[in-house]
Amino acid sequence: RIVKAGEGCPKCGNKLDVFSAIELGHIFKLGTKYSESMGARFIDEKGEEHPIIMGSYGIGVERIMACFIEQHHDEKGIIWEKPLAPFDVHLIALNLKNELVAKTSEKIYNELQQHGIKVLFDDRDAAAGFKFNDADLLGMPIQIVIGEKKLKENKCEVKVRKSGERFDVEVINLFTEIQNRLSL
């Protein structure tokens with residue numbers, strides 16, 4: 179039979195809650211089926227030999243990630259926390275045909291990488307809107323946007339994916355700003 183919400187627990191009597199969940203791990207009691215065929219035995223405290231009672235225990239890494247994403251997303255996509263994020267920063271270069279954008283993006287990418295910051299560099303020849311939507315969908319903790327307009331002022335835009343906060347940072351101060359944001 180199927181348990182219904184509000185029924186009493188057969189062991190303690192407390193009311194049961196029914197809700198959807200994801201199986202993260204499992205335990206299967208295998209008994210002696212495999213240990214007998216393999217001859218895996220132990221000797222008890224009385225000196226008697228018995229087949230080992232086996233179990234199978236598993237945890238699904240993929241399931242853990244799916245659970246995390248289920249709890250950390252919005253209508254735009256995933257919102258990774260730094261410890262689990264595949265990359266710390268999503269570097270978005272707009273119009274790499276512009277020499278200043280290309281050189282600055284490459285310099286920022288190399289500097290961040292040299293300091294152990296994992297960077298996903300979007301250097302595709304695609305429209306800004308596509309890049310922004312993809313960046314939100316992928317959900318790295320910090321997005322850095324390098325574009326012609328801001329570079330004329332020696333600045334770039336930084337976006338914190340979790341809060342949606344956007345602000346301009348002088349390129350010369352970018353590394354320090356990113357380092358501070360990632361250590362929060």
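Numbering (the numbering used here), first residue to last: 179 to 362.
Note that CB positions come from ideal geometry on N, CA and C, so glycine has one too.
Bear in mind that the values here come from a model prediction, so they are computed numbers and not experimental data.
Hey, out of the options, whose CA is closest to residue i's CA?
i: F206; options: K224, M318, V297, S234; result: S234
i: D301; options: M318, H293, K281, E253; result: K281
i: E326; options: K285, L278, I237; result: L278
i: I256; options: A305, K333, I324, D312; result: D312
i: N276; options: A263, K260, K328, P188; result: K328
i: A263; options: A305, V297, M216, D222; result: V297
i: N288; options: G307, G236, K309, F353; result: F353
i: L290; options: I322, A306, S341; result: I322
i: G236; options: E223, M216, H204, F220; result: H204
i: F299; options: M318, F308, I270; result: I270
i: F310; options: K254, M216, E331; result: K254
i: S341; options: M216, D252, Q292, G217; result: D252
Please check the pair residue i and residue j, which I expect to be a contact at CB under 8 Å, by giving their CB distance rounded to whole angstroms.
i: L316; j: H268; result: 7 Å
i: I324; j: I350; result: Contact doesn't hold; Cβ gap of about 14 Å is too wide.
i: E240; j: H250; result: No, E240 and H250 are not in contact; Cβ-Cβ is about 16 Å, not under 8 Å.
Considering only residues of the same chain and omitting the five flanking positions on each side of residue i, which have a CB-CB separation below 8 Å?
i: I295; result: D266, V267, I356, Q357, L360
i: I320; result: D266, V267, H268, V336, K337, V338, R339, I356, R359, L360
i: E187; result: Checking the sequence shown, residue 187 turns out to be Cys, not Glu. Correct list, in chain order: K193, L194.
i: L274; result: A280, S283, D301, D303
i: E343; result: K337
i: C334; result: T282, I286, I322, V323, I324, G325, K328, D346, V347, V349, L352
i: M318; result: W258, A263, P264, F265, D266, V267, H268, L298, R339
Across which residues does DSSP place residue i in a beta bridge pair?
i: R219; result: P229
i: I237; result: G203
i: G255; result: D252
i: R344; result: K337
i: Q321; result: H268, K337
i: D300; result: I270
i: G186; result: K193
i: G209; result: M232
Grab me the residues of residue i's own chain with a C-beta within less than 7 Å of its C-beta, minus the 5 sequence neighbours each way, in chain order.
i: E214; result: P229
i: A183; result: L194, D195, V196
i: A306; result: L272
i: V181; result: L194, V196
i: D222; result: H228
If I measure Cβ to Cβ from residue i and keep anything under 6 Å in the same chain, skipping five residues before and after, which residues do I get?
i: M232; result: L208, Y212, S213
field: Segment contact, 8 Å Cβ cut-off, at least three pairs: the segment 203 to 219 with the segment 228 to 235
entry: Taking 8 Å as the limit for Cβ pairs, the verdict is that the segment 228 to 235 does touch the segment 203 to 219.
task: Determine, using beta-carbon pairs with one atom in the segment 193 to 202 and one in the segment 244 to 255, whether at least three such pairs fall under 8 Å.
output: Contact between the segment 193 to 202 and the segment 244 to 255 is present, because at least three Cβ pairs lie under 8 Å.
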